[in-house]
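What follows is a set of notes on a single structure, which appears directly below.
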Amino acid sequence: MSYDHKSIEKKWQSFWEDNKTFKTDINSDKEKFYVLDMFPYPSGAGLHVGHPEGYTATDILARMKRMQGYEVLHPMGWDAFGLPAEQYALDTGNNPKEFTDKNIQNFRRQIKSLGFSYDWDREVNTTDPDYYKWTQWIFLKLYEKGLAYIDEVPVNWCPALGTVLANEEVIDGKSERGGHPVIRKPMKQWVLKITEYADRLLEDLEELDWPESIKEMQRNWIGRSEGAEITFEIDGTGHFFKAFTTRPDTLYGATYAVLSPEHPLIDKIVADEQKELVKKYQEDVAAKSDLERTDLNKEKTGVFTGAYAINPINGEKMPVWIADYVLMSYGTGAIMAVPAHDERDYEFAKKFDLPIKEVVEGGNVEKEAYTGDGKHINSGILDGLNKEEAIDKAIEWLEANGKGVRKITYRLRDWLFSRQRYWGEPIPIIHWEDGTMEPVPEEELPLTLPETNEIKPSGTGESPLANIKEWVEVTDPKTGRKGRRETNTMPQWAGSCWYYLRYIDPHNPEQLADPEKLKKWLPVDVYIGGAEHAVLHLLYARFWHKVLYDIGAVPTKEPFQKLFNQGMILGENNEKMSKSKGNVVNPDEIVESHGADTLRLYEMFMGPLEASIAWSTEGLDGAKRFLDRVWRLFVNEKGNLSERIKDQENKNLEKVYHETVKKVTEHFEGLRFNTGISQLMVFINESYKAEYIPKDFAEGFVKLISPVTPHLAEELWSRLGHTESISYEPWPTYDESKLVEDEVEIVIQVMGKVRAKMMVPKDASKEELETMALENEKIQEWIENKTVRKVIVVPGKLVNIVAN
RNA sequence: GCGGGUGUGGCGGAAUUGGCAGACGCGCUAGACUUAGGAUCUAGUGUCUUUUGACGUGGGGGUUCGACUCCCUCCACCCGCACCA
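When you number the first sequence by our numbering, it's gap-free, plus one each residue, and the end is 1368.
Right under this line is the structure:
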């Protein structure tokens, strides 16, 4: 007989909801534990089986920690701004809010059907004005600190649609919707100065308990490099440009210079006879997409400008070229080229027949660039030095002679923060007719999105908000001067940058959150989510957190102490689940057919949490079968508590029980749910072999499995005669002394191969073990006619006899 | 190309500081119960071999009494970045 998951799961979900079982007492005296999920974007497609994987993992921790006496904060909410709702609105003329709310309802229903122990009174929604009031407030703080500024940045402009498109809406240079041409057009954009925090974002990674791979990705993304910025004069013009290099030691080997095709200096220095060529090249490059400029472009291209730069250290003339292998967006958009010691410059020099001058010994510059260390030659004051010394000396010389400075450059760029969209947080800024701009006063926040059924492209590249005159046009009540509201909205990242703070104090009308509460509850103890957010979300959230730390709004330097990335659940064919491949598993159907507990158990048992593993219907059936097996052990055919459970000790189960408590506790703690669950299975297998099960052990087992399969556990707990929820029952403890038996089996090896086993007292000495092993009958056969050279004894484990 | 990671039965995966490789589950085989079984229970299940035994953790080499585990080298796959000066 199998248990009826449908009625049981429904029953306990109502019980938890009615009793507010999982309400967090934010002022509790208990020790806190904050376990957080990456909150979802509530898409129209509904929940995916990938969602419950991370959610189950955090739920297990939350439930176990509650039973271990912690006050647990385990919240859920919605990252609900975003492109799909805007597109839906453009298509149907409906307000995206309705669409979003409907999706949220569906997500909430699905999540609740899985039995997660969220405190639903703390639900946050990034599109709620009471929430985005504080997103806007944080923006104003960034603005006040000079960390938000306006810059001209090229965007994907689609003239036919009259709108700006996100990168993912552009396919092969055409708009995804309609296939219209898309061009790059510079527009005024808000940008956040994340680069100012680059060093701290880098350094503080050290103290975080995050996967090394994610830290490494963030380090690479920030891309700090040390070197020098060198000033070059253009011969005979009085113009200068600066070039960043990590190898100032190779300055004597710089034989030409390259400017990015977008470099502003080009027009001023280009020689008349080269003007046409240069212009043509610039136009060609501008027409190329980013992809063409990087991925597909293996062959180096470039054009000589006709101008010469002076190498400051030896006064030699270096031809100035322009080439698209130099990017305007990195460093200064200009380089000194040292073909002998840089692969890119080498390739370029070979192609255009530019001189290659060796200044570091150790390679063969006839064949390839040498980037390694070595003794400097042909380098005047640097001769004889190795790389590191030469770098220092070169910088000293540059600084002393006013030709350059020590400099650190980052790959990280400032964060483009504007979106030309309706469905996002309005940026609370007013542009006045006199050309000045001012923030919306704090007391006027939230600056709400105007309700409208007319979400249409503005046609100018501004967001659809530009169409709504009553909203956009403002008059200063004091002075009567007129102005326009900022029509750009914030990107989806904004709301997710700080939601973990709002959960701590979700209804506070006065503050983002009460500092006292933040002090108790930060940082997040465990944060689990997909690796797709390894860089952007996690870096942006860390940036905002640090800014908030600097203004005293939060008490910690970092938001997320421990981070874990769950893997992906693949389709049964081992491919990523997708509608087009038809391999998507819908959690609703599984909850219906197998139950939420089975789904939770299966997803945790599939393999390590971080691994990407294919879905298996047979594996799912196996999980259900195990739960049936548990049920039958506890409940008899008539539906009563089984006779096998007795109020009586059973020595035979003692060891396995204590072992199970230990292993399950440790493995769950370490997020190794698959191995924890396997131990629960071992216990059930042993219990089936036993004549009867002591009630203590039965209850302990139900507690141990309860974080994974809470509905089943609550039901068994009540059938064991309890009237309270199992959720706050004390977590089982184990007795170390019960783990070791008086007699242990040890292995006897001859030449490292297992030849016999024997039972010995657990505290047998080395000498005793050696004697016993040598006397063993089987061993005697093996060492017959051989000389025993050495005997290695590991007490409690093995004896290895070396004989030949 | 650079950086990070992973390679263990038919499959998903276990294995503490170097100490019985393959826990647990799936699948499969045989049997029991049954009108029936895709339910349940019992036994078996790395490969080769008649037994004894030999071999076996991507390939090759090394350190060690002993290596999935440590070192060298090669291969394959996955993820991230990708002309970052």
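The C-beta atom is built at its ideal place from N, Cα and C for all residues, glycine as well. Remember, predicted model here, so these are calculated numbers, not experimental data.
- Taking E1002 as the centre and dropping the five residues before and after it, the same chain places the C-beta of I994 closer than 6 angstroms to its C-beta, in chain order.
- In the structure shown, H638 falls within a coil segment according to DSSP collapsed to helix, strand and coil.
- Judged by their CB atoms, S1206 and L1197 are nearer to each other than the 8 angstroms cut-off.
- When DSSP states are grouped into helix, strand and coil, F805 belongs to the strand group.
- As summarised for the segment 1218 to 1283, the continuous alpha helix (DSSP H) elements at least 4 residues long and confined to that stretch are 1237 to 1253, 1259 to 1269 and 1274 to 1283, given in chain order.
- Counting along the chain, W754 sits inside the beta strand (DSSP E) bounded by residues I747 to L756.
- Shown here for V1111: same chain residues with a beta carbon closer than 8 angstroms to its own, the five before and five after excluded, namely I702, K705, L706, K709, L711 and Y761 in chain order.
- With fewer than 16 other Cβ atoms from the protein chains shown falling within 10 Å of its own Cβ, M1323 counts as exposed.
- As for any beta strand (DSSP E) of minimum length 3 sitting wholly inside the segment 692 to 739, the runs are 712 to 722 and 727 to 729, ordered along the chain.
- The residues Y1166, F1169 and M1170, in chain order, have a CB closer than 8 angstroms to that of G1183 in the same chain once the five nearest residues on each side in sequence are set aside.
- Note: H940 is bridge-paired with V924 in the DSSP secondary-structure output.
- Per DSSP, the continuous alpha helix (DSSP H) segment holding F916 begins and ends at E907 to F916.
- Every beta strand (DSSP E) of 3 residues or more that sits fully in the segment 1276 to 1351 is shown, in chain order, as 1307 to 1314 and 1317 to 1325.
- When the beta-carbon positions are compared, T759 and R977 come within less than 8 angstroms of each other.
- When C-beta atoms of the segment 740 to 758 are compared with those of the segment 768 to 780, fewer than three pairs fall below 8 angstroms, so the two segments do not count as touching.
- The Cβ atoms of N942 and Y845 do not sit closer than 8 angstroms to each other.
- Proximity of the segment 1118 to 1132 to the segment 1065 to 1085 meets the contact definition, three or more beta-carbon pairs being nearer than 8 angstroms.
- Less than 8 angstroms divides the Cβ of H638 from the Cβ of T622.
- Nearest to D763 by C-alpha distance, out of N1368, Y974, N1204 and D1327, is Y974.
- Excluding its 5 nearest sequence neighbours in each direction, L766 has C-beta neighbours in its own chain below 7 angstroms: R783, I786 and R788, listed in chain order.
- Where R1106 is concerned, the enclosing alpha helix (DSSP H) starts and stops at L1100 to D1114.
- At a Cβ-Cβ threshold of 8 angstroms, G1135 and K1145 count as neighbours.
- T690 places its beta carbon less than 8 angstroms from that of D643.
- CA-CA distance, P825 to F912, rounds to 15 angstroms.
- Buried is the label assigned to R985, since at least 16 other Cβ atoms lie within 10 Å of its Cβ.
- Residues of the same chain with a CB within less than 7 angstroms of the CB of L949, apart from the 5 flanking positions on each side, are H940 and K957 in chain order.
- Out of P1274, M751, S739 and D683, the CA that lies nearest to the CA of E716 is found in M751.
- Per DSSP, K570 has no beta-bridge partner at all.
- Taking C-beta atoms as the reference points, F808 and G895 count as a pair closer than 8 angstroms.
- According to the DSSP secondary-structure assignment, G1186 is paired through a beta bridge with no residue.
- Residue pairing by DSSP puts D601 in a beta bridge opposite I1092.
- Shown here, Q846 sits in a helix according to DSSP, grouped into three states.
- Going by beta carbons, D683 and T620 fall outside the 8 angstroms limit.
- In the three-state DSSP reduction, L1029 falls in the helix class (H, G or I).
- Apart from sequence neighbours up to five positions away, the residues of its chain that approach N1138 with a beta-carbon distance below 6 angstroms are A1178, ordered along the chain.
- V1155 carries a helical assignment under DSSP once its states are collapsed to helix, strand and coil.
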